[in-house]
Amino acid sequence: MNTDSNKVLLVGIGETGRGAIQIIRKNKVEGSSTLGVEEESQLNLPYAKSIQEAELVILVADLGSKKDDSLTLQAAKLAKENGKIVAAFVTTPRIFEGEKKIMHALETAMELKSEVDASLIINKENFTNLPEDGYSPAELVDSLVPVEDRIADAIQNMMALIYGNGAINIDLDDLKSTLVQSGTFAIESGIGYKANRIRDAIEMALSSPMMKTCDIFTSRKVLIKVLSPKNSPISMDEVNMLADFIGKFPPYVDVKWGEGTADDDDLLSVIILSSGFDVKLPEK
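Reading the sequence shown from the start, the letters are residues 302 to 585 in our numbering.
This is how it looks when you write it as structure tokens:
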């Protein structure tokens, strides 16, 4: 039995934020409680009570409007004032929404950085525009899925990191220590099938738009979890492949990996969460 039940509070602000929270509620994600915020009054009693019971607060917010930006900053400040570790998924507007709104969102994102332990700034354009010179399967899939679905998937990946039994486990304390005062974070999963499933899953995860700004080999800490089918558990050769990937990180990077059982009978998945990395500049 898990002892960390509902120690993670998920807070949704704005259309994308509340949409992601609704998906989490529908899927009944283990270990989390949720709160959708539309008005400042909801940051009083409901939010204050939920904060007391949580150890980690994850904010999901659209930036660009004065109301949602203000709510996001207030939510972050309240959580930090209560001594909680805070991570934030925040989205910036698409180009058609106008330069003024985009600049306001970026300014708020910079201000938010001083109020949270770690943030992932998601450019919605990365999920709608495919490069003319080719794109990976992961980029194609992400371009077809609404941003709130992708963020909900990312949150479910975070929870899957710390829940479920395996020979090598990652727990809530590992997640908190990876995010605390890290500045940046990114998380994604990939899937693999048959012979090269470990390698394919890692490559798929790293090629996703969710990892677009992550220079992963400059990370401070990395958590990796392999979920393999019951009828085809991870082999020693695959453990060696994983070790080869981990060996590419500089010695100062703290990498921890765990393993568990996949829901799918055929596919192996790899979840990768990195923090404290240098942000990659867009390629020209």
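No residue lacks a Cβ here, since even glycine has one placed at the ideal position from N, Cα and C.
Which residues in the same chain have their Cβ closer than 6 angstroms to the Cβ of residue i, if we skip the five residues on either side of it in sequence?
i: I463; result: I471, D472, L473 and L476
i: D579; result: D516 and T519
i: G465; result: G561
i: D555; result: K522
i: I525; result: W558 and I573
Give me whichever residues DSSP pairs with residue i in a beta bridge.
i: I492; result: S570
i: V338; result: I314
i: F486; result: S576
i: L524; result: K557 and L574
i: S333; result: V309
i: V391; result: A362 and I422
i: S529; result: T562
i: I386; result: L357
Return yes when the Cβ of residue j is within less than 8 angstroms of the Cβ of residue i, no when it is not.
i: K402; j: E356; result: no
i: I488; j: L568; result: no
i: T299; j: A380; result: Residue numbering for the chain in the displayed model covers 302 to 585; residue 299 lies beyond these limits and cannot be assessed.
i: D566; j: N532; result: yes
i: G320; j: E449; result: yes
i: A453; j: V417; result: no
i: N427; j: K513; result: yes
i: G467; j: G559; result: yes
i: L346; j: Q375; result: no
i: V391; j: I422; result: yes
i: M411; j: G332; result: no
Helix, strand or coil, according to DSSP, for residue i in the structure here?
i: E560; result: strand
i: K581; result: coil
i: N424; result: strand
i: I535; result: coil
i: T304; result: At T304, the pLDDT of 43 sits below 50, so the modelled position is not reliable and the matter cannot be decided from this model.
i: D369; result: helix
i: D516; result: strand
i: I503; result: helix
i: N466; result: coil
i: D545; result: helix
i: P447; result: coil
i: E416; result: coil
i: I325; result: helix
i: V481; result: coil
i: R319; result: helix
i: I243; result: The chain is shown only over 302 to 585; residue 243 falls outside these bounds and no answer can be derived.
i: P347; result: helix
Can you list, in chain order, the residues of its chain whose CB lies under 8 angstroms from that of residue i, leaving out five sequence neighbours each side?
i: T335; result: L310, L311, V312, G313, I322, I325 and R326
i: D501; result: G491, I492, G493 and Y494
i: K414; result: S420 and G484
i: I469; result: W558, G559 and E560
i: N328; result: A453 and Q457
Checking contacts by CB at 8 angstroms: is residue i closer than that to chain D?
i: A461; result: Of the chains in the structure shown, none is chain D; there is only one protein chain.
Once you ignore the five residues that flank residue i on each side, which residues in its own chain have a CB closer than 7 angstroms to its CB?
i: A419; result: A388, L480, S483, G484, T485, F486 and S576
i: S351; result: L310, S334 and L336
i: N424; result: T393
i: A563; result: L528, S529, P530, L569 and S570
i: M302; result: Reliability fails at M302, whose pLDDT of 33 lies under 50, so the model's placement of it is uncertain and the value that follows must be treated cautiously. Excluding sequence neighbours, M302 sits near nothing in its chain.
i: A406; result: L364, G365, T393 and P394
i: E316; result: D363
Verify the contact flag: residue i, CB atom, against every heavy atom of the ligand FMN, threshold strictly below 7 angstroms.
i: S529; result: You won't find the ligand FMN in this model; it holds no ligand whatsoever.
Per the contact definition of three or more C-beta pairs closer than 8 angstroms, is the stretch 490 to 508 in contact with the stretch 566 to 580? Between the stretch 566 to 580 and the stretch 490 to 508, the count of Cβ pairs shorter than 8 angstroms is three or higher; the stretches touch.
Evaluate contact between the stretch 383 to 395 and the stretch 329 to 345, counting only Cβ atoms and requiring at least three cross-stretch pairs below 8 angstroms. Counting Cβ pairs under 8 angstroms, fewer than three are found: no touch.
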